[in-house]
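Please read the structure below before turning to the comments.
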C-alpha cells in the first residue's frame, strides 16, 4: 500500500477566507498544507483540524502584517470584490494589499498569490484579445485597486525579491450566470487548480495570468497560465443553451456589450 504523500507546504495563509472565493479554496487547500491559516473580518465558523482562525481587518497594519509570520506562502483573496466608491475600496484593497506585502517582507515570505481581476483591463474592447503585456484599462474603482495591487506586487519583487502570481480572475461561479460569463467563466475546481499551480511554479518573478476556463469564446491570452502549469479542464459550452434561453442578447450599441468589463463600465458615479 502506498503511503499518503506529505503536504507540500507547512503553513499557508488565506485572506478573505469567508468570501465567495475563499470558501471555494478553503477545503481545496487543506490537503496541501499541514496548517491553513484563515483570516477575514466576516465569521469564519469553527476551525477544522489543521486550521488556524486569525480574524483581522486588512486596513489594520499591525494585525495584517502579523498574519504573515511563520507562513510559507500567502494567498491574498481578501478585500472588496465589487464596484464601490473609491473611498470604500481604498482601505482593504489598496492599503490592505500593501500591508500584506509589508508582512511578507518583514517575515521573509517569498511567494504571494494575489487575487487580481479581469476588471484591470475591463475597458479594452471585446473585439481584441488582451494579454498580460497589454496596458491596464480599469473599468472602475475596483479595477483600479487591483491594478494598484499588481503594481505593489511588481515593486516588492523588484525591490525585495518577493515573488507573486497575480491572477486576473474571470467569473468564478458554480456556473455562468449570463451571456458575458460564457466567455469569462472559471469553474471552482479550475480555480483550485490554478491557485495550486501559482503556488508551486518555480521562478515566477511577478507573473500576471488570466484565470479563465476552457471556454469556446475568450478575450484573454492565457499563455502565461500555461507557463505556470495551469490548463483549464472545464468550459462554459455545456451551459450555453440554458444561458441564452433565459438571457436576452446584449444591446450591441451599449458600452457594456462592447467592453470586456461588461456592466462594470457603466457603474457609478457614486
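Residue numbers (the working numbering): 33 to 302.
Idealized CB from N, CA, C, for every residue including glycine.
Contacting residues, own chain, Cβ-Cβ under 8 Å from residue i (five flanking each side not counted)
| i | result |
| --- | --- |
| residue 184 | 129, 130, 133 |
| residue 174 | 112, 113, 114, 115, 116, 121, 125, 149, 151, 296 |
Identity of the residues DSSP links to residue i by a beta bridge
| i | result |
| --- | --- |
| residue 242 | 200 |
| residue 252 | 162 |
| residue 297 | Paired residue(s): none; residue 297 is not in a bridge. |
| residue 145 | 107, 197 |
| residue 70 | 46, 85 |
| residue 291 | 157 |
Selection from the options that minimises the alpha carbon distance to residue i
| i | options | result |
| --- | --- | --- |
| residue 56 | 267, 99, 219, 279 | 219 |
| residue 194 | 231, 85, 286 | 231 |
| residue 176 | 188, 118, 89 | 118 |
| residue 213 | 236, 172, 158, 79 | 158 |
| residue 298 | 223, 270, 72, 170 | 170 |
| residue 226 | 208, 202, 135, 257 | 257 |
| residue 208 | 172, 269, 291, 186 | 269 |
| residue 39 | 65, 292, 136, 143 | 65 |
| residue 93 | 263, 135, 41, 262 | 135 |
| residue 181 | 203, 140, 239 | 239 |
| residue 262 | 165, 197, 292, 293 | 197 |
Under the three-state DSSP convention, the category residue i falls into
| i | result |
| --- | --- |
| residue 64 | helix |
| residue 105 | strand |
| residue 151 | helix |
| residue 85 | strand |
| residue 157 | strand |
| residue 219 | coil |
| residue 228 | helix |
| residue 184 | helix |
| residue 169 | coil |
Cβ neighbours of residue i in the same chain (closer than 6 Å, five flanking residues each side left out)
| i | result |
| --- | --- |
| residue 107 | 46, 145 |
Range of the contiguous beta strand (DSSP E) that encloses residue i
| i | result |
| --- | --- |
| residue 42 | 41 to 47 |
Host alpha helix (DSSP H) of residue i (start-end)
| i | result |
| --- | --- |
| residue 305 | A query on residue 305 cannot be resolved here, the shown segment of the chain reaching from 33 to 302 and no further. |
| residue 99 | 93 to 99 |
| residue 261 | No alpha helix (DSSP H) contains residue 261, which DSSP labels as neither H nor E. |
| residue 134 | 128 to 139 |
| residue 278 | 272 to 278 |
| residue 121 | 118 to 121 |
Beta-carbon proximity list for residue i, same chain, < 7 Å, skipping 5 on both sides
| i | result |
| --- | --- |
| residue 85 | 70, 76, 79 |
| residue 335 | Because residue 335 is not part of the residues shown, which for the chain are 33 to 302, the question remains open. |
CB contact below 8 Å: residue i versus chain C
| i | result |
| --- | --- |
| residue 54 | Although the question refers to chain C, the structure presented lacks it and comprises just one protein chain. |
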